Amino acid sequence: MTEPHLHSPLPRGIDAEAAARLAAPFALLSDPSRLRIVYALVEAGPMCVSDIAATAGTGESATSHQLAKLRAAGVVRSERRGREIWYQLADAHIRLLLDVAAEHYLGENAAETR
């Protein structure tokens, strides 16, 4: 198995605070509903809650609840457009994490599985 090319090596050892900071995005994305919501925003760009819910296959209330968590964590940002609030990905690094994870865990069919 070939090692993936990393832009910078991992630090030797990791203290508790750094480990908690590093684990936070993985914990946030470990919820399948939140993961589908983030994927919807990655693929389609900015959307309102009803469109995100339809794309992600989640209810509007649950989508709003999960978007609040994602916004609090800085993963998405929101913008009011008339009566609607539109959301978009705020952290491009999340997409990189998802791309690497999909390639590794979903293999060759990663693009088709999204």
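Just so you know, the sequence shown maps onto residues 1 to 114 in UniProt numbering.
Backbone N, C-alpha and C fix where the C-beta goes; we use that ideal spot for every residue, glycine too.
These numbers were taken from a predicted model, which means no experiment stands behind them.
Subject >> Exposed unless 16 or more other CB atoms sit within 10 angstroms - verdict on I14 >> reply: Here residue 14 refers to the residue found at position 14 when the sequence shown is read from its first residue. With fewer than 16 other Cβ atoms within 10 Å, it is exposed.
Subject >> Coarse secondary structure for R12, derived from DSSP in three states >> reply: Counting from one through the sequence shown, the residue named residue 12 turns up at place 12. Looking at R12 - three-state DSSP - the assignment turns out to be coil, as it is neither helix nor strand.
Original post:
Among Y87, R83, E103 and G82, which has the Cα closest to the Cα of A72?
Top reply: Sequence index remark: in the sequence shown, residue 72 carries index 72 (1-based). Nearest to A72 by C-alpha distance, out of Y87, R83, E103 and G82, is Y87.
Original post:
What runs of the alpha helix (DSSP H), each 4 residues or longer, lie entirely inside the region 31–95?
Top reply: Within the region 31–95, the alpha helix (DSSP H) runs of at least 4 residues that lie entirely inside it are, in chain order, 32–44, 49–56 and 60–72.
**OP:** Report the rounded CA-to-CA distance for R95 versus L89, giving the unit in angstroms.
**Re:** As a position in the sequence shown, residue 95 is number 95, starting the count at 1. As a position in the sequence shown, residue 89 is number 89, starting the count at 1. When rounded, the distance between both Cα atoms is 9 angstroms.
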